[in-house]
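Its first residue numbered 0, the sequence shown is counted upward by one per residue in numbering that gives the first Met the number 0.
Note that the Cβ used here is the ideal one computed from N, Cα and C, for glycine as well.
Working notes for the structure below.
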Amino acid sequence: MGNLIVNRIDLNNRRVVDKLRKVIDKLVQNSSCYYPLKFKPPYYFEVSTEQVPSESGWYIILEGKKPLYAGKADDLNKRLNIDNGSRDNFANTKRAFDPERNFIKKFAELNILSNLRVCVIKEKDVCSELNINPNDLNDLDRGNIEKLINIFRCYFNYQ
Numbered sequence: 000m001g002n003l004i005v006n007r008i009d010l011n012n013r014r015v016v017d018k019l020r021k022v023i024d025k026l027v028q029n030s031s032c033y034y035p036l037k038f039k040p041p042y043y044f045e046v047s048t049e050q051v052p053s054e055s056g057w058y059i060i061l062e063g064k065k066p067l068y069a070g071k072a073d074d075l076n077k078r079l080n081i082d083n084g085s086r087d088n089f090a091n092t093k094r095a096f097d098p099e100r101n102f103i104k105k106f107a108e109l110n111i112l113s114n115l116r117v118c119v120i121k122e123k124d125v126c127s128e129l130n131i132n133p134n135d136l137n138d139l140d141r142g143n144i145e146k147l148i149n150i151f152r153c154y155f156n157y158q
């Protein structure tokens, strides 16, 4: 079998994968990582209570404790709480398709999804738990962690 393309974090190694899963699970159990999320017409997400950290990391959109979507962001606040960062091409009438985030917005508008919230995972916290310098991660590592979170999002113990 082939190997996954990796950089600093070797996701071809079972111990590394298990450690990263445990780190993510530990971080999502911190109640300070959660923010209420709502759809703000006509195109945006909004965190209504306070500003999400303006740091790089990953986020999991949940309905209650059910994970719907995992993503990464260079700036978590911009991606989740600023109009331009959360638009997802929704305003473009010539778009050929919609990403999952637009489906979540529409279903929230239709009250199909009614208890949206987001769990943010700061890159520096993951790196600290793994004893890695955040400067050693590249886009490949960040994307691979996003994929791992997405695949295992139903396995984490959310608050």
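Distance from the CA atom of L61 to the CA atom of L67, rounded to whole angstroms, is 5 Å. Annotation: the continuous alpha helix (DSSP H) that includes A107 extends over E99 to E108. A residue is called buried once 16 or more other Cβ atoms fall within 10 Å of its Cβ, and E49, having fewer, is exposed.
In the assembly as shown, F96 is an exposed residue. Its beta-carbon has fewer than 16 other beta-carbons within 10 Å. Sequence-distant partners of S30 (beyond 5 residues in either direction) whose C-beta falls short of 6 Å from its own C-beta, in its chain, are Q158. Here DSSP, grouped into helix, strand and coil, assigns I111 to coil. Taking a contact as a CB-CB distance under 8 Å, the pair R78 and S85 counts as one, their CB atoms being some 6 Å apart. Bridge partners of R116 according to DSSP: P35 and L61.
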